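Remarks on the structure that follows.
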Amino acid sequence: MMRPVLLLLSLVLIVSADPASAQLRGQLGEPGRFRSPPQSMEQLKFSFSPIVKAVSPAVVNVYASRNVRQMPSPFANDPFFRRFFGDQGFGVPQERVQRSLGSGVIVSADGLIVTNNHVIADADAVRVALNDRREFEAEIVLKDEKTDLAVLRIKAGNEPLPFMQFDDSDGLEVGDIVLAIGNPFGVGQTVTSGIVSAIARTQVGVGDMGFFIQTDAAINPGNSGGALVDMDGRLVGINSSIYSRSGGSNGIGFAIPANMVRVVVRSAAGDGVLRRPWLGAQLEPVTPEIAESLGYDRPVGVLVAQVEKKGPAAKAGLNTGDVIVSVDGHEIIDDNALRYRLMTLGIGRSAELAVRRSGKQMTVSLPLEAAPEMPPRQRVDLTGRTPLAGISAVNLSPAVAEELSLGDPQGGVVVSAVEDGSPAARVGFKRGDIIRAINGSAIDDTKSLKRIADQPSRYWDLEIQRGNQVFRSRLAG
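Sequential numbering from 3 applies to the sequence shown in the numbering used here.
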């Protein structure tokens with residue numbers, strides 16, 4: 003364990019003794035903002051204790067619970083056996099409580115707490131335990147599956163709560179030291195340290211809004227929703243997930259950047275609705291083959307594949323074939339990065355897009371607007387003895403398409419939720435499926451869906467669109 007320290011000391015001694023060390027220190031940055039290597043043995047003895055003492059009271063434990071009905075027999079949910087034995091042939095349903103444990107961060111003196119959505123998803127009750135052992139019932143103010151963020155509120159009387167201030171996560175650099183604070187495995191509050199090993203990490207398969215800070219600070223189950231803190235003692239991220247084959251920390255953890263967290267918290271403190279900027283265009287990645295065909299020396303940006311009429315992209319003057327390479331000076335490497343940059347700017351502003359068109363680079367101003375919700379959702383919940391029972395469906399609008407990442411909406415009805423254990427779940431319906439037709443009748447809106455689904459039938463001929471594929475199947479009634 004001593005060898006890495008000895009190697010570091012050797013490096014420091016060499017840099018200090020080298021006549022060119024002053025030039026090297028100039029490249030690294032002057033001491034004072036935590037971006038210079040240790041200059042002496044005394045600096046190696048520095049402790050994170052003052053930072054931890056200042057911020058740890060704002061990190062909390064989050065306990066979520068929900069009641070689950072469970073049938074004594076595994077055949078209780080099978081329609082074949084229920085046809086013979088009825089609802090009462092399998093005994094009385096039993097209720098059990100599912101519990102989950104995570105972490106959270108107090109971000110305002112009046113009790114707003116941010117955590118991961120997956121910590122409290124489907125919870126019937128949420129409790130929060132503070133560092134001083136006080137516990138409170140928490141109200142869920144906002145939760146968002148795409149960002150995997152949720153905001154809770156607790157009421158602690160007239161006494162202001164300790165809270166953590168946000169820092170600009172765009173100011174992070176690879177190599178910066180960070181602390182991860184949370185409650186792994188339920189053992190109590192734990193602090194680990196590491197460095198930022200990547201920024202703007204996308205395509206890691208965790209969440210739809212995939213734009214993360216990567217760190218090697220040890221993060222384990224239970225750390226979800228905890229704080230990633232910089233050396234200024236400010237919040238730069240919410241720890242969200244790890245890359246692991248064993249379930250333990252392998253030194254690859256991902257945190258949601260504070261600039262995204264700030265947007266969600268601001269929405270929760272307002273009307274409790276998170277609105278995303280609508281681009282109004284379909285995008286494709288710039289592959290090496292596309293880059294070569296466009297005359298680029300490397301893949302860069304995202305390709306505009308289609309522009310919707312009267313959408314923000316059309317208003318900005320974007321054309322099919324344009325390549326968006328930056329937003330307000332921030333490089334865009336894929337569509338995840340583009341969505342992140344637009345969302346952190348917020349509704350009501352404009353974004354300056356650097357665009358390559360026909361070999362030339364130009365700048366366009368994109369108005370940041372919320373997607374319209376026309377037609378209205380008009381949600382319906384399907385029940386009865388049909389393969390569709392358990393589906394919640396809404397009319398497809400640009401707003402719904404944006405939420406479900408469906409691209410260019412062409413109208414129709416989309417599945418917004420599927421009840422666990424329902425006939426629709428067993429058939430294989432998924433959130434985001436578009437129901438095009440049932441028994442030869444086109445499904446134009448939720449009213450027609452409800453009318454047709456309520457009609458008894460021996461067979462159900464379904465036409466379902468999932469992504470760019472259309473599936474047709476016949477199911478028994």
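Glycine included, every Cβ here is placed at the ideal spot set by N, Cα and C.
No experiment lies behind these values; they were computed from the predicted model shown.
Euclidean distance between Cα positions of residue i and residue j
| i | j | result |
| --- | --- | --- |
| S58 | A131 | 13 angstroms |
| G272 | P374 | 20 angstroms |
| F50 | S42 | 17 angstroms |
| E147 | I466 | 24 angstroms |
| V64 | D169 | 23 angstroms |
| T388 | G331 | 53 angstroms |
| I122 | T365 | 42 angstroms |
| N470 | R351 | 32 angstroms |
| G104 | I201 | 24 angstroms |
| I142 | A219 | 29 angstroms |
| V265 | R155 | 16 angstroms |
| G409 | A403 | 6 angstroms |
| I349 | R474 | 39 angstroms |
| A427 | A353 | 41 angstroms |
| Q29 | D435 | Unreliable placement is indicated for Q29, whose pLDDT of 38 sits below 50; the coordinate value is still reported in the next sentence. Rounded to the nearest angstrom, the two C-alpha atoms are 53 angstroms apart. |
| D178 | D422 | 43 angstroms |
| I258 | K362 | 34 angstroms |
| G303 | S295 | 14 angstroms |
| R438 | L114 | 42 angstroms |
| I215 | S226 | 14 angstroms |
| V55 | Q167 | According to the sequence displayed, residue 55 carries Lys and not Val. So the alpha carbons of these two residues sit roughly 15 angstroms apart. |
| Y461 | N441 | 8 angstroms |
| N241 | V61 | 12 angstroms |
| K145 | G413 | 27 angstroms |
| T198 | A356 | For the record, residue 198 in the displayed sequence is Val; it is not Thr. The alpha-carbon atoms of V198 and A356 are separated by roughly 28 angstroms. |
| Q25 | I292 | In this predicted model, Q25 has a pLDDT of only 39, less than 50, meaning its place in the structure is not dependable; the value taken from the coordinates is given anyway. Each residue's Cα considered, the two are about 42 angstroms apart. |
| E32 | V176 | Since pLDDT at E32 reaches only 45, below the 50 mark, its modelled position is unreliable, and the value read off the structure follows with that caveat. Between E32 and V176, the C-alpha separation is close to 17 angstroms. |
Residue i, enclosing beta strand (DSSP E) - first and last residue
| i | result |
| --- | --- |
| L237 | 237 to 244 |
| L144 | 141 to 146 |
| N119 | Element bounds for N119: not the beta strand (DSSP E) but the alpha helix (DSSP H), 119 to 122. |
| A127 | 127 to 131 |
| N338 | No beta strand (DSSP E) contains N338, which is instead part of the alpha helix (DSSP H) from 337 to 347. |
| S367 | 362 to 369 |
| T217 | 214 to 217 |
| R359 | 352 to 359 |
Among the options, nearest to residue i - alpha-carbon criterion
| i | options | result |
| --- | --- | --- |
| L181 | I335, K432, G255 | G255 |
| D324 | I349, D299, Q284, A270 | Q284 |
| V327 | V306, A318, G319, E310 | V306 |
| G159 | E137, I179, V143 | E137 |
| T289 | M262, V266, G190, I335 | I335 |
| G228 | T194, F213, V198 | T194 |
| D126 | V198, A66, A152, V153 | A66 |
| K432 | L406, F48, K145 | L406 |
| P369 | S295, A111, A318 | A318 |
| V189 | D172, A56, N222, I440 | N222 |
| A372 | L340, N225, N321, W280 | W280 |
| P314 | Y298, A339, R278 | R278 |
| L320 | G282, G297, A339 | G282 |
| L151 | D456, V263, V309, L230 | V263 |
| L398 | G386, T448, E286 | T448 |
| P425 | L477, V309, I292, D112 | L477 |
| N119 | D446, S102, G173 | S102 |
| D337 | E310, E286, K312 | E286 |
| A162 | A111, Q191, R135 | What sits at residue 162 in the sequence shown is Pro, not Ala. Checked all of A111, Q191, R135; the closest Cα to P162 is A111. |
| A401 | E333, V275, R358 | V275 |
| E310 | N69, T322, D134, V429 | T322 |
| F187 | D446, I454, V472, G224 | G224 |
| F48 | Q191, S367, M233 | M233 |
| G106 | I445, P164, D446 | P164 |
Whole-Å CB distance - residue i paired with residue j, under 8 angstroms assumed
| i | j | result |
| --- | --- | --- |
| I53 | G235 | 5 angstroms |
| T217 | G184 | Their Cβ separation, rounded to whole angstroms, is 13 angstroms, which puts T217 and G184 out of contact at 8 angstroms. |
| V238 | A270 | About 19 angstroms; that fails the 8 angstroms criterion. |
| V116 | V231 | With 8 angstroms as the limit, V116 and V231 do not qualify as a contact, their Cβ atoms being about 14 angstroms apart. |
| G479 | S450 | So it is not a contact: roughly 19 angstroms between Cβ atoms. |
| D456 | G386 | 7 angstroms |
| T487 | A339 | In this structure the chain extends from 3 to 479, so residue 487 is not present and cannot be described. |
Residue i: CB within 8 angstroms of a non-hydrogen atom of the ligand NAD
| i | result |
| --- | --- |
| I437 | Ligands displayed in this structure: none; no statement on the ligand NAD is therefore possible. |
First and last residue of the uninterrupted alpha helix (DSSP H) at residue i
| i | result |
| --- | --- |
| R433 | It is not in any alpha helix (DSSP H) - R433 carries neither H nor E in the DSSP assignment. |
| N261 | 260 to 271 |
| S450 | 448 to 455 |
| S42 | No alpha helix (DSSP H) contains S42, which DSSP labels as neither H nor E. |
| L296 | 290 to 296 |
| E405 | 400 to 405 |
Cβ of residue i within 9 angstroms of any chain B Cβ
| i | result |
| --- | --- |
| E333 | Going by chain labels, chain B is absent from the structure shown, which holds only one protein chain. |
ask   = Do three or more CB pairs link the stretch 387 to 394 to the stretch 412 to 431 at distances below 8 angstroms?
value = Cβ pair count under 8 angstroms is three or more, so yes.
message = With a threshold of 8 angstroms, are at least 3 pairs of Cβ atoms found where one atom belongs to the stretch 338 to 350 and the other to the stretch 377 to 387?
response = The stretch 338 to 350 vs the stretch 377 to 387: no contact.
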